[in-house]
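Just below is one structure, and these are the notes that go with it.
Protein chains: 2
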Amino acid sequence: MSTRAVCEAAGVQQPVLYRLFGDKDGLLAATVDHVWDQYLGMKRAAAKSEDPLRDIRAGWDSHTAFALAHPHAYTLMVSPGLRAVPEAAAEAMRILREDLDRLAAQGRLRVAPETAARMIMSANTGVSLSLITRPGLYPDTSLSTLVRDAIHAAILAGPATPADPAGDARAAAVTTLLASVGDLTPEPFTAAESALFGEWLTRIPAADPAERPSPAEDLKDRTTS
Amino acid sequence: MSTRAVCEAAGVQQPVLYRLFGDKDGLLAATVDHVWDQYLGMKRAAAKSEDPLRDIRAGWDSHTAFALAHPHAYTLMVSPGLRAVPEAAAEAMRILREDLDRLAAQGRLRVAPETAARMIMSANTGVSLSLITRPGLYPDTSLSTLVRDAIHAAILAGPATPADPAGDARAAAVTTLLASVGDLTPEPFTAAESALFGEWLTRIPAADPAERPSPAEDLKDRTTS
DNA sequence: CCCCCGCGTTATCGTCGATAACACGGGGGT
DNA sequence: ACCCCCGTGTTATCGACGATAACGCGGGGG
Chain A
0 MSTRAVCEAA
10 GVQQPVLYRL
20 FGDKDGLLAA
30 TVDHVWDQYL
40 GMKRAAAKSE
50 DPLRDIRAGW
60 DSHTAFALAH
70 PHAYTLMVSP
80 GLRAVPEAAA
90 EAMRILREDL
100 DRLAAQGRLR
110 VAPETAARMI
120 MSANTGVSLS
130 LITRPGLYPD
140 TSLSTLVRDA
150 IHAAILAGPA
160 TPADPAGDAR
170 AAAVTTLLAS
180 VGDLTPEPFT
190 AAESALFGEW
200 LTRIPAADPA
210 ERPSPAEDLK
220 DRTTS
Chain B
0 MSTRAVCEAA
10 GVQQPVLYRL
20 FGDKDGLLAA
30 TVDHVWDQYL
40 GMKRAAAKSE
50 DPLRDIRAGW
60 DSHTAFALAH
70 PHAYTLMVSP
80 GLRAVPEAAA
90 EAMRILREDL
100 DRLAAQGRLR
110 VAPETAARMI
120 MSANTGVSLS
130 LITRPGLYPD
140 TSLSTLVRDA
150 IHAAILAGPA
160 TPADPAGDAR
170 AAAVTTLLAS
180 VGDLTPEPFT
190 AAESALFGEW
200 LTRIPAADPA
210 ERPSPAEDLK
220 DRTTS
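For the record, the sequence lines run as chains A and B.
Quick note: numbering that gives the first Met the number 0 has the first sequence finishing at residue 224, numbered continuously throughout.
Quick note: numbering that gives the first Met the number 0 has the second sequence finishing at residue 224, numbered continuously throughout.
Here's what the structure looks like:
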C-alpha cells in the first residue's frame, strides 16, 4: 500500500494526505481509530437484557462476528504495529466490564470483574484472529462458541460442573472410543466397520441440547457489513 | 526495517540478500521459519510425563513463556502478514494433539482432540498476544494460567471416571455407551443401527496397556519427524 | 593450465515517503 | 470596495528504499 495509490484513489495529491494525517502512520492510525469507532458503536448500540450473562454471551458473539465480517479491519485493529490505541481498547474493556459488574452484583462471578474481562477479551481476540488468519487450521466457527462457554464456565460461580453428568460421561465415552477406533482395526473391526462405527459415534449427541446454549446461532449477520 | 540496514549489519551488500532470500518478504519468511523452528524445537525437546494433562499444562506454559521471552519473534510468528507458514503451525497443532490423544485414550477428554487442540491453541495465542501487545491492559501474567485452566476444565471430562489410571478407560466408555444406547433409539439411531452398534460395542476388547506407545518411544518418534 | 561457475561487488533504475515552494480563493477588518 | 490573510490544493523535488543488471574474483575439475 502506497500513499500515492490512496491519493490517486481519493482524487487528490500527496501533500493533502500529509496535511490531514501527518504521515503514513497517521493515516493508518486514523483508519484503525475509525475501525475501533465502528466496533465501539456496535457495542454501545447493543441492547441490554435483564440477564447480564446473556448480554456477555451476545457480546462475545458480536465480537467474533465483527472479526469475521471485517477480517482486514479487525487484524488492523488488534495488530500491534502502530502507535498505541489504548483508549478505544480500554473503552471496549470497560463496556465488557460493565456487564461483568452487573453479573458480580448478582453474586454470580467467581473472579474479579477486571480479571474476567481480561480473560474474555484475550481469549475472544485469540479465537477471532485464529479463525481469520488460519482458516485452514480453524475451519469451524463453532470454535468461538466452545471457547466462549469454556471461559464463561470458569468465571461463573456456582456448581463446578453444572452439566448433567450422564451426557457428560457419554461425551467422554464417545471421544474415548473415537480415540481408540484406530487400534480396533483390523481386529476386531474391519476397515469398513471402523468407518461406520466412527461415523455413528459422531452422531451421538453430547448431552441434552435444551440445557446448553445453542451453538448453531449464526455469527454472520450480527453486524452490518 | 530496510534491507540496506540488515545488509550493513551483516557486513555484506544488498545483492547477496536477494540471492539468498529472493526478496524482502523472503527474508521475513525465513526469519519466521527460524522462529518457528526454535518454537518447535522447544516443543519437541519437552520431556513427556506419564500424565498427559501435566504435559498439556506444561505445553501451555512453555508457549506463553516463549511468547514473553521473544515478544517480537512471537508476534512475527503468529502475525498474518507474510506468505503462509501453515506447515510449522500445523506441526505445532499436531504435537499438541498427540498429548490430547493420550488424554482421550485415558477417557479424560470431553471433546474431540482436534477440537480441544484448536481451543487450546487459539486461546493460548490470544492470551500471549494480549500480554505482549497490550501490557497496559493486561498487566498480570497470571492471566495465562487462568485462561489455561478455564480451557482445560472445559475440555476435560468431569470428575467422573476417577479410577482407571491403569488403562481401562476404553472398557468404561463401552459400558457407558452400552448403558445409554437405549436413549439413542429411534434418534439418532434406528433400531437396527442400535442393535448393530451395541453388538460392535461388545466386540471391543479391553485396552491392552502394552499396545500403547511408551513415553520414550513417543519422544523418539517425535524427534525423528 | 585453463575454464567455469558459485559468490560477492559496483552501479543503476523506478518507486516511495516526505517536504519545500508556490497558486488560488473566499471571508473579515478598514 | 479593497486588500490582507490563511486554509487548501498544486507542482517539483529530495533522500532512501526495493530490486536488478553487469561485472570481477577465486578455487575446483577436465
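A virtual CB, placed ideally from N, CA and C, is assigned to each residue, including glycine.
Cβ of B/SER129 less than 8 Å from any chain A Cβ?
By this cut-off, B/SER129 is an interface position.
Taking 8 Å as the CB-CB cut-off, is A/PRO161 touching chain B?
Here A/PRO161 scores only 48 on pLDDT, less than 50, and its place in the model should not be relied on; the value that follows carries that caveat. Output row for A/PRO161: interface = no.
Tell me the rounded alpha-carbon separation between A/MET118 and A/PHE196.
Cα to Cα, the separation comes out at about 39 Å.
Helix or strand or just coil, what does DSSP make of A/LEU136?
Coil, per DSSP.
Using only CA atoms, which one of A/ALA153, A/LEU27, A/THR63 and A/GLY58 lies nearest to A/SER78?
The shortest C-alpha separation from A/SER78 is found at A/LEU27.
Under 8 Å between C-beta atoms, does B/VAL34 make it to chain A?
Output row for B/VAL34: interface = no.
Do we get a CB-CB distance below 8 Å when we pair A/THR114 with the residues of chain B?
Yes, A/THR114 counts as interfacial toward chain B.
B/THR74 to B/ALA9, Cα distance in whole Å?
Computed Cα separation, rounded: 23 Å.
Report the rounded CA-to-CA distance for A/ALA103 versus A/HIS151, giving the unit in angstroms.
Distance between the alpha carbons of A/ALA103 and A/HIS151 is about 13 Å.
Please report the straight-line C-alpha distance between A/LEU52 and A/ASP98, rounded to a whole angstrom.
Roughly 8 Å separates the two Cα atoms.
How would you call A/ASP60, buried or exposed, if buried means at least 16 neighbouring beta carbons within 10 angstroms?
So A/ASP60 ends up on the buried side.
According to DSSP, is B/LEU155 part of a helix, a strand, or is it coil?
If DSSP states are grouped into helix, strand and coil, B/LEU155 belongs with the strands.
Would you mind stating whether B/ARG169 and A/LEU176 have Cβ atoms separated by less than 8 Å?
Closer than 8 Å, so yes.
Ends of the alpha helix (DSSP H) at B/LYS23?
Here the alpha helix (DSSP H) through B/LYS23 covers 23-44.
Just verifying my parser: in three-state terms, what is the DSSP assignment at B/LEU176?
B/LEU176: helix per DSSP, three-state reduction.
Please report how far the alpha carbon of A/LEU67 lies from the alpha carbon of A/THR132, in whole angstroms.
Cα to Cα, the separation comes out at about 10 Å.
Nearest-angstrom Cα distance between A/ARG18 and A/GLU90?
Taking the straight line joining both Cα atoms gives about 29 Å.
With 8 Å as the limit, tell me which residues of the stretch 183-197 of chain B have their beta carbon closer than that to any beta carbon of chain A; keep them in chain order.
Answer in chain order: LEU183, PRO187, PHE188, GLU192 and PHE196.
From the beta carbon of B/LEU52, is the nearest beta carbon of chain A less than 8 Å away?
Closer than 8 Å: no.
Do you know whose CA, among B/ASP24, B/LEU200 and B/GLY58, lies nearest B/TYR38's CA?
Comparing Cα positions, the closest option is B/GLY58.
Please classify B/ASP100 as buried or exposed, where buried requires at least 16 neighbouring CB atoms within 10 angstroms.
So B/ASP100 counts as buried.
Could you tell me whether any Cβ in chain B is nearer than 8 Å to the Cβ of A/ARG3?
It does not; no Cβ of chain B falls within 8 Å.
Are B/VAL146 and B/ALA115 closer than 8 Å when you measure CB to CB?
Result no, Cβ atoms of B/VAL146 and B/ALA115 do not sit closer than 8 Å.
Using a C-beta to C-beta distance shorter than 7 Å, which residues of chain B count as neighbours of A/VAL15?
Residues of chain B passing the Cβ test: none, with the nearest at roughly 27 Å.
For A/ARG74, which residues in chain B fall below 7 Å Cβ to Cβ?
Inspection of the sequence shows that residue 74 of chain A is occupied by Thr rather than by Arg. Here the neighbours are PRO79.
Can you find a CB in chain A that lies within less than 8 Å of the CB of B/ASP100?
It does; some Cβ of chain A falls within 8 Å.
Let me know the secondary structure DSSP gives A/LEU108 once reduced to three states.
Here A/LEU108 sits in strand by DSSP.
Nearest-angstrom Cα distance between A/CYS6 and B/ALA4?
C-alpha separation (whole angstroms): 29 Å.
If you draw a straight line from the alpha carbon of B/ALA29 to that of B/PHE20, how long is it in whole angstroms?
When rounded, the distance between both Cα atoms is 8 Å.
Quick one: is B/TYR137 near chain A, going by C-beta distance under 8 Å?
B/TYR137 counts as touching chain A.
Mapping the DSSP letters down to three states, classify B/ARG82 as helix, strand or coil.
Residue state, collapsed to three classes: coil.
Looking at the secondary structure, which residues open and close the alpha helix (DSSP H) in which A/GLY10 lies?
Unbroken run through A/GLY10: none, as it is neither H nor E.
Restricting to Cα atoms, I'd like to know which of A/GLN105, A/SER127 and A/ALA46 is closest to A/HIS71.
Closest option to A/HIS71, Cα to Cα, is A/SER127.
Taking just the CA atoms, how far does A/VAL173 sit from B/LEU95?
If I take the Cα positions, the gap works out to 20 Å.
Can you name the residues of chain B whose CB is closer than 8 Å to the CB of A/TRP199?
What A/TRP199 touches in chain B: PHE188, GLU192 and PHE196.
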